[in-house]
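Read the structure below first, then the notes.
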Amino acid sequence: MSNPFAHLAEPLDPAQPGKKFFNLNKLEDSRYGRLPFSIRVLLEAAIRNCDQFLVKKNDVENILNWNVMQHKNIEVPFKPARVILQDFTGVPAVVDFAAMRDAVKKLGGNPEKINPVCPADLVIDHSIQVDFSRRADSLQKNQDLEFERNRERFEFLKWGSLAFRNMRIIPPGSGIIHQVNLEYLARVVFDQDGYYYPDSLVGTDSHTTMIDGLGVLGWGVGGIEAEAVMLGQPISMVLPQVIGYRLMGNPHPLVTSTDIVLTITKHLRQVGVVGKFVEFFGPGVAQLSIADRATIANMCPEYGATAAFFPVDEVSIKYLVQTGRDEEKVKHIKKYLQAVGMFRDFSDPAQDPDFAQV
Numbered sequence: 040m041s042n043p044f045a046h047l048a049e050p051l052d053p054a055q056p057g058k059k060f061f062n063l064n065k066l067e068d069s070r071y072g073r074l075p076f077s078i079r080v081l082l083e084a085a086i087r088n089c090d091q092f093l094v095k096k097n098d099v100e101n102i103l104n105w106n107v108m109q110h111k112n113i114e115v116p117f118k119p120a121r122v123i124l125q126d127f128t129g130v131p132a133v134v135d136f137a138a139m140r141d142a143v144k145k146l147g148g149n150p151e152k153i154n155p156v157c158p159a160d161l162v163i164d165h166s167i168q169v170d171f172s173r174r175a176d177s178l179q180k181n182q183d184l185e186f187e188r189n190r191e192r193f194e195f196l197k198w199g200s201l202a203f204r205n206m207r208i209i210p211p212g213s214g215i216i217h218q219v220n221l222e223y224l225a226r227v228v229f230d231q232d233g234y235y236y237p238d239s240l241v242g243t244d245s246h247t248t249m250i251d252g253l254g255v256l257g258w259g260v261g262g263i264e265a266e267a268v269m270l271g272q273p274i275s276m277v278l279p280q281v282i283g284y285r286l287m288g289n290p291h292p293l294v295t296s297t298d299i300v301l302t303i304t305k306h307l308r309q310v311g312v313v314g315k316f317v318e319f320f321g322p323g324v325a326q327l328s329i330a331d332r333a334t335i336a337n338m339c340p341e342y343g344a345t346a347a348f349f350p351v352d353e354v355s356i357k358y359l360v361q362t363g364r365d366e367e368k369v370k371h372i373k374k375y376l377q378a379v380g381m382f383r384d385f386s387d388p389a390q391d392p393d394f395a396q397v
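So this is what it looks like as structure tokens:
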């Protein structure tokens, strides 16, 4: 069925008519400008994926009417842009896809047609054990043992990386899943199938929320939910309340990042944010580095929020350049986010959206 919002699609750059985006400003609905930035990501995904079957026009209206619907326990569908897995929870997913291929082959079909619909990255980082320490070759020795102990699993995952399209396996020794996600895997804006759209994800680790510090909406889910997303199914979620957390001023020279993170965590526990989104705003946010923001977002499971979102701003853009992202792509990221009303200037109070509570 055709997308009822197809008329919103237009080229981001007239010189590249084949690269479009859904211009949410063309909705000409004043409610859009009042939505929290995290909810705008949910809205864009609903509009782009609206097929009147899995995602319906009424779902879009419910998200657009967030100010009212957030208090009514309304369920809405969300199709993340990608999935991230770690090896403990990711191996069963690859096994299931392999089993599906076997089943299709037995029925006389083409097994190579079985692939993840949604892009998936599997980072192998949960298998390392420290047997050697305090010596120059500790890293190499521990990695050699890791390969020896997990040879069969790693061989299977290597096969999976070659057999399945839309699935990348990040090998052992590359780093911790969340750091790899932040520094290498996060696109911030996807450029795929002729469309620009916000990067978003679900992951099979509770601290997936760390990526929210870069302006990429994401949180942890169970293995079954992650597999469903990989198969093209949306997540059904209660439209969340969004708690605005205002940061003012500059950190004192003697205050460390740890002090800031633990103070915010303690405060949010007292406020009570379980099952809600937290979104940070105010001029103080611009004083925090991406490392600080990512650490605050990483602590999400400790204060119970579903996500702790820092919208993309100039600090985020500089971080992308610093971590080796292609500068031309970074320019398109900024241009897209500005065009769709998702780029944040924390010093401008006129950009502050509505929140359930501040």
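Numbering of the sequence shown is given in the working numbering, commencing with residue 40 and proceeding in unit increments. Each residue gets a CB set at the ideal place from its N, CA and C atoms; glycine is no exception.
8 Å Cβ shell around residue i - same chain, five flanking residues per side excluded
i: ASP393; result: ARG73, LEU74, PRO75 and ASN106
i: LYS59; result: ALA48, GLU49, PRO50, LEU51, GLY233, TYR234 and TYR235
i: ILE273; result: For the record, residue 273 in the displayed sequence is Pro; it is not Ile. The answer, listed in chain order, is ASN88, LEU93, VAL94, PRO116, PHE117 and LYS118.
i: LYS374; result: LEU51 and ASP52
i: ASN104; result: ARG70
i: PRO43; result: CYS89, GLN91 and LYS96
i: LYS197; result: ILE208
Collapsed DSSP secondary structure at residue i in the structure displayed
i: PRO56; result: coil
i: PHE117; result: strand
i: ILE216; result: helix
i: GLU49; result: strand
i: PHE319; result: strand
i: VAL281; result: strand
i: VAL241; result: strand
i: PHE394; result: coil
i: ILE209; result: strand
i: PHE61; result: strand
i: GLN168; result: coil
i: PHE229; result: strand
i: PHE382; result: strand
Sub-9 Å separation of residue i and residue j beta-carbons
i: GLN390; j: VAL281; result: no
i: ILE250; j: ASN220; result: yes
i: GLY343; j: GLU318; result: no
i: GLY314; j: LEU124; result: no
i: GLN168; j: ARG188; result: yes
i: MET338; j: VAL122; result: no
i: PHE349; j: LEU327; result: yes
i: TYR378; j: ASN112; result: In the sequence as displayed, the identity of residue 378 is Ala instead of Tyr. No, the pair does not count as a contact, with Cβ atoms beyond the cut-off.
i: VAL33; j: LEU286; result: Since the first residue shown for the chain is 40 and the last is 397, residue 33 is missing from the structure and cannot be characterised.
i: ASP164; j: PRO211; result: yes
i: SER275; j: GLY257; result: no
i: GLY57; j: VAL156; result: no
Inter-residue spacing [alpha-carbon to alpha-carbon] between residue i and residue j
i: ASN289; j: ALA336; result: 19 Å
i: THR345; j: ALA48; result: 30 Å
i: VAL115; j: ASP183; result: 46 Å
i: GLY321; j: ALA265; result: 34 Å
i: ALA120; j: VAL227; result: 10 Å
i: ILE400; j: ASP68; result: Lying before the first or after the last residue shown, residue 400 is absent from the chain, which here runs from 40 to 397.
i: ILE356; j: SER386; result: 16 Å
i: ASN97; j: ALA142; result: 37 Å
i: SER166; j: LEU178; result: 14 Å
i: PRO279; j: VAL312; result: 10 Å
i: GLY214; j: SER245; result: 17 Å
i: ARG70; j: PHE316; result: 19 Å
i: GLN361; j: VAL255; result: 17 Å
i: GLU222; j: ALA202; result: 26 Å
i: GLU191; j: THR248; result: 31 Å
i: GLU341; j: GLN309; result: 12 Å
i: ALA330; j: LEU146; result: 51 Å
i: ALA54; j: PHE195; result: 45 Å
i: GLY363; j: ARG79; result: 28 Å
i: ALA84; j: LEU66; result: 15 Å
i: LEU81; j: ASP170; result: 45 Å
i: VAL277; j: ASN181; result: 44 Å
i: SER77; j: GLN231; result: 21 Å
i: LYS152; j: GLY252; result: 36 Å
i: ALA45; j: ILE86; result: 9 Å
i: PHE186; j: ASP126; result: 13 Å
i: LYS305; j: THR295; result: 16 Å
i: GLU100; j: GLY380; result: 18 Å
Contact set for residue i: own chain, Cβ-Cβ below 6 Å, skip 5 residues either direction
i: ILE303; result: ILE335
i: LYS144; result: PRO150
i: LEU376; result: VAL351 and PHE382
i: VAL133; result: GLY199
i: GLY129; result: LEU161
i: GLY259; result: GLY242, ASP244, SER245 and THR247
i: ILE372; result: VAL227 and VAL228
i: PRO158; result: ARG121 and ASN205
i: GLN396; result: ILE282
Sequence-distant residues of the same chain with beta carbon closer than 7 Å to residue i, five excluded per side
i: PRO131; result: GLY262
Scan the region 80-163 and note each continuous alpha helix (DSSP H) run of 4 residues or more that stays entirely inside, going in chain order. Within the region 80-163, the complete alpha helix (DSSP H) runs of at least 4 residues are 96-103, 105-108 and 126-145.
Handout entry: Continuous beta strand (DSSP E) assignments of at least 3 residues falling wholly in the region 251-277
Key = Unbroken beta strand (DSSP E) runs of no fewer than 3 residues, entirely contained in the region 251-277, are found at 256-259 and 274-277, following chain order.
Check: If you scan the region 311-362 from start to end, which runs of the alpha helix (DSSP H) of 4 or more residues do you find wholly inside it?
Finding: Counting only runs of at least 4 residues, the region 311-362 fully encloses the following alpha helix (DSSP H) elements, listed from N- to C-terminal order: 329-337, 339-342 and 353-361.
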